[in-house]
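Mind the numbering: the sequence shown is residues 146 to 292 in my numbering, read in order.
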Amino acid sequence: MSSSMSSRERVLATLQHQETDRVPINYSANPGIDTRLKAHFGLDPRDSEGLRQRLGVDFREVACRYAGPRLHAELPDRRVDPVWGRRTRWIEHESGGYWDYCDFPLRDADEGAVADWPSPSPDDYDYNQMVAEARRLRELGVAVFYG
């Protein structure tokens, strides 16, 4: 068993059911925890990559940047995904808060309503940017996934 596998090697070995130096890890946290972890490690609040490196995170996400028109209107007291229309609201608690999904507009939708729901065109994405980012992350030796 290697004691110095790259993240990419570790994830690929895991997917092939081979022994690794440790279990691959990913990272996701609400904004409050993310901010406190960055402060704990003395990182800039915008340094997400630095935090992932400090935590030994093996995965990095790449996604196509949407370059098309806004498909879903903003709503008061909500955060609305401009592409897919997902709606979240801020839930405050004693140590910060988080965005929680709410207002499910397609919950009771029939086929017609689903068909009429504004959806992005594949032509409205910047695929070149995603390819460049995937190549950059591969050079870091991390496992890349599309999310």
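All residues carry an ideal CB built from backbone N, CA and C; glycine is no exception.
Q.
What does the alpha-carbon distance come out to for the pair A279 and V207?
A. 6 Å
Q: Please name the residue, chosen from M275, K183, D203, that lies closest to V168 on a Cα-to-Cα basis.
A: D203
Q. Given a threshold of 16 other Cβ atoms within 10 Å of its Cβ, counted over all protein chains shown, does R215 qualify as buried or as exposed?
A. exposed
(Q) Less than 8 Å between the beta carbons of L196 and L188, yes or no? (A) yes
Q | G137, DSSP secondary structure in three states | A | Since the first and last residues shown for the chain are 146 and 292, residue 137 lies out of range.
Q. Going along the chain, which residues of its own chain have a beta-carbon closer than 7 Å to the beta-carbon of S151, five neighbours each way excluded?
A. G286
Q. Using 8 Å as the Cβ pair cut-off and three pairs as the minimum, do the region 263-270 and the region 235-246 touch?
A. no
Q. DSSP beta-bridge partners for G242?
A. E237
Q.
What would DSSP say about E206, mapped onto helix, strand or coil?
A. strand
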